[in-house]
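Single-structure report; data block below.
Chains as they are written, first to last, in this note's numbering: chain C, 1 to 353; chain E, 1 to 353; chain W, 1 to 353; chain X, 1 to 353.
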């Protein structure tokens, strides 16, 4: 009985030359969030070795202004992720940088009224020029004017077309690279960003478009119905996390029997519906469980909902993503040398190809 | 020069019988977050005395399961808020309670697999029955089947119609009370909730509807164009906060001259556009600025964007909303005795009335 | 089996006139930290009804500058606490206010170099005058010069004598009120505060004294050996919390059989020693468990150490103490009308009386 | 004017093979806490290049159980720090591991009552055996019995003697390595740990000792009087941070003119005393400023007190130390190849050598 508590010793780290991957492996044998960071790498590594797994990344916050967007491109290019669920900010503010304008290392202790007068927008300790932001919005509007007015788009379809359009212009933003690689991007609150402002600009120019929240959700849930298992990676919480979790439980009665071979759902006792808990889950967050919100809640809470498998591999690391994401991805780059066979999701683009 | 630092003394609190309002007034003369909580009441009080002010509340998280939804009803009934921007969770999970099913006081230290087997969904230390949740989704689907298939809805229009429908059934949820009082509810990521699942159910029953993100944003921004000033209250961050902030800067050139008398915008130096910073702002959050995200960022950061007026009244209180919201509203109830003249926003419902 | 999960419903709060105590009672039927705040009042109330209970409060941070010190005086005067374990800051900075100098409501967004030039010390959003601080240190030094040079003091004895000395001067600081009421104050890191500087001043004036850490710990542990049960209240974490917890496990073999009637300890399996877990525990903290530290750890972690009884009443509320402490104490003031029979701890002062 | 805002661009990280040092250098050109982690390495590097600098590390929490204590040994051996100010936990719990007993990788989601029955003490997700802890306390008691009963020790002197004693026994704990290298360890609340329990055991065995808080503080402040400049590194907050800060302002009038050549203090306007602000400061913390406490407060707040030089190099990184400390030290190990000329502090041990 007691022996179960004494399986693996904590191993004190000794400082010497080593690789990033090796240091994270050593951290996985320590404690607290250092251990969790090391475990996050291991869970992601296990995902990449799994067959018939679709890996979805929920990507919150304003990480593109923080120098993290090329890491996402790398994840897409190597198909370390198959689907991206993002805030509007993360797949628009990267474009400012990809266009060549960029952001500046600023300070969070600054006179914000002076920044306003200097036409600078602040993202904590990052400065961006309002005029650059507007140029990005104008580019976005140029694209929107190429869209059909008699078609009901999902955010995913819109971002796929935008990505292809950007790619042709040589602007290698996240959306561009994702479109090239066939990785769909879902953006459930797309108007809550520069896209919203561009939608209004296009509308004011006589070119209103429709971006349907229902179609988006239907397409997203459809991914779940075509894969054996799902692994999720949450960089932050918010809508991208909550939305991604729904793929585990929003399977309609009609489609539940049409799953891929080997796909096993579980029947709820109280209702006539199936749930397909995620097999792997990683969460990097700076929120805490005690506030009761989704962004900080434990992955165990998701187990009660049937959203995560109780026996699945999982790791939560409470850490700023600007620390955790570079470390995890560099360790993966060192460790994973064989090319992964990623699922083909091109059917999602069929209506707009 | 030095005298500017010594304007108001910290006054140590003496324990004796007093009202909630009085204790919060005393806390406003202490320090740290206690002072901020007291100041939040004062800022809200000032908003209620202001003429030609539209008060928007961003409402995040899963607060309805936490016993807070009737407080929102009270805020709407007394028109202490004029517009609600909400997560899908907050305006769907309240319905479970309003239907008479309710939630249970649970624990966050529990075996989640056992909960799953007992068909219980956990919200930190709250338990809800999966079967009750499904009954709410079925009710929602019943409503969706009454909607037009040839109409493009915004989330606001959909929630207005849903509210009227619920009200007739005697289900006094937030949406119902808001519809009765003419308070619009915007839900920018509406599919990310029970609504998404109900959309799919209706679709599977041959009744697909369209919920347009562009129309929603256009309508929301329209509110800003018809009011002299705006005051905002953020309970949590996330999409509701970010979306609400956009109303300050997403004013199209075409409409900027059509504002109400006395409305003053400011011209950006670098671009040919106007911004209309919010005059009052309150934020209750458990996030922190140092993570760089929107949910925890200071209201000063919003000043740099032109989203909040540098000279406007504002207060940020870092505190769980289940503590701050009841206290602030009970203090307001004691202090504010005159009925406020609230703006008429019924024009927003014109297409669906 | 399932019924155990559905004992008490979450009750949504309705806004109407009510007392502080009543609102906190209603919050105890909601969720998240609001519920915990309500529960904290209930646990404290239960402590006050218990016979043969010694109530120890761990008091961290710099709360006296934040307008909280008179609340501690009230707790002592009413014997809602019997022992105080404090940082040096909390029982020195209150003296500045009790001397009539006070602190000012400042801002945390300020130029700290300008403050330095203006001789202002900042405590987040509180300003204090360096010259006032020095006057307090000089007063402290005057007192130290009255102490014996041939005696080994514990911090508790020193603070008792200081309290009596202050009381005679009409300076009603925490130490003064505690001395009047026979409530001992332990300050395990006393030099880490104005006391440290005063010790040096006295020494430079040819009057060195000795403050023995061992004697202090011995006296503190002695309290545990003379009471049937212990209840603890932690306002913040740090040394005051850790030190207080040790009273549960630092009982020497020699003394374990000399306990008061009814006192029951538990024998450790692996060692020949007893532990006496605390029966009640309240913790107000802004730290979080995931960082692995003592200040944010759960009370359950203390159960594993034998420091808190697994069946004892306990409540942890994650909230700034400047919010939680005034609310809890005002609710107690409304609820508790009968005088508590507090333990006599005067034997602790026998060597210095 | 505007150009001052646009000095250095944010550079998006590209994933490729690189060293730990290189990745941290790249992170220093991103944003949020990732940038801060990179800057922390740079500030420490600058400290190591500075002449006549005494580097003091404040070391809080329970980091030795978390696999971090050999990193501290490495810092001492390489004289990347000159003085350690520690909790009792950090310089006692390492001994359990150094004795060969160790700790186990556990879980924070566990039944603590079951742990208690299995005689396991939990430190968040680390398990330790109570019996091992007691063996460490017995070892400590054995040492205490070698001390003089007619001498007044400071915690620093006691830990120096203990380190030498351990070293001879081949137990290479932090105290042992520090004693070998002449690095003093101050432990201002030493009784608040296993030391406290060992003091009582020794006393019960007829061997009481005296550990004087005043002597400790006097010796600590003396370090400041003999060095030109001071650099500080805070791993966590609490007493170790607060105590370390006092070295900047606790300089007696008598000694202020006896400083080393080049040492410059600043005179307070309001009082006749000097302060010697720290020239370099690094803080790794998981606390936040808004709670008003010392552990989370900004280094700027310390500027107002004269504790940190307004023009000194400083970096605060909000991150779990189990992540930040291994990364920073491994980067330093890669970057710093020349041996530093460290200050000689052996005079501190003169009374006990």
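Yeah, the Cβ is synthetic: ideal placement off N, Cα and C, and Gly gets one too.
Residues bridged to residue i by DSSP?
i, result
"residue 104 of chain C", "C:127, X:9"
"residue 281 of chain C", "C:232, C:314"
"residue 55 of chain W", "W:231"
"residue 111 of chain E", "DSSP lists no partner for residue 111 of chain E."
"residue 121 of chain X", "X:128"
"residue 275 of chain E", "E:266"
"residue 357 of chain X", "Not covered by the structure: residue 357 of chain X. The range shown for chain X is 1 to 353."
"residue 185 of chain E", "E:84"
"residue 152 of chain E", "E:210"
Answer with yes or no whether the minimum CB distance from residue i to chain C is below 9 Å.
i, result
"residue 288 of chain W", "yes"
"residue 305 of chain W", "no"
"residue 41 of chain X", "no"
"residue 278 of chain E", "no"
"residue 65 of chain X", "yes"
"residue 31 of chain W", "yes"
"residue 121 of chain E", "yes"
"residue 310 of chain E", "yes"
What do you reckon, are the CB atoms on residue i and residue j nearer than 9 Å?
i, j, result
"residue 295 of chain C", "residue 60 of chain C", "yes"
"residue 40 of chain X", "residue 282 of chain X", "yes"
"residue 183 of chain X", "residue 83 of chain X", "yes"
"residue 95 of chain C", "residue 233 of chain C", "no"
"residue 24 of chain W", "residue 299 of chain W", "no"
"residue 134 of chain E", "residue 273 of chain C", "yes"
"residue 198 of chain C", "residue 144 of chain C", "yes"
"residue 118 of chain X", "residue 171 of chain X", "no"
"residue 88 of chain W", "residue 209 of chain W", "no"
"residue 318 of chain X", "residue 290 of chain E", "yes"
"residue 316 of chain E", "residue 239 of chain C", "no"
"residue 352 of chain E", "residue 161 of chain E", "yes"
"residue 270 of chain E", "residue 174 of chain E", "no"
"residue 207 of chain E", "residue 149 of chain E", "yes"
Rounded C-beta distance between residue i and residue j? I'm assuming under 8 Å.
i, j, result
"residue 217 of chain W", "residue 196 of chain X", "4 Å"
"residue 211 of chain E", "residue 72 of chain C", "About 28 Å; that fails the 8 Å criterion."
"residue 33 of chain X", "residue 20 of chain C", "With 8 Å as the limit, residue 33 of chain X and residue 20 of chain C do not qualify as a contact, their Cβ atoms being about 18 Å apart."
"residue 279 of chain W", "residue 312 of chain W", "5 Å"
Give a yes or no on whether the minimum CB-CB distance between residue i and chain W is below 9 Å.
i, result
"residue 283 of chain C", "no"
"residue 336 of chain E", "no"
"residue 333 of chain E", "yes"
"residue 234 of chain C", "no"
Is there a Cβ from chain E that is less than 9 Å from the Cβ of residue i?
i, result
"residue 127 of chain W", "yes"
"residue 238 of chain C", "yes"
"residue 59 of chain W", "no"
"residue 124 of chain X", "no"
"residue 318 of chain X", "yes"
Would you verify that the beta carbon of residue i is, or is not, closer than 9 Å to some beta carbon of chain X?
i, result
"residue 292 of chain E", "yes"
"residue 16 of chain C", "yes"
Q. Going along the chain, which unbroken runs of the alpha helix (DSSP H) with 4 or more residues stay wholly within the stretch 297 to 344 of chain X?
A. 299 to 304, 321 to 335
Q: With a floor of 3 residues, list each beta strand (DSSP E) that falls wholly inside the stretch 40 to 95 of chain C, ordered by position along the chain.
A: 53 to 59, 83 to 86
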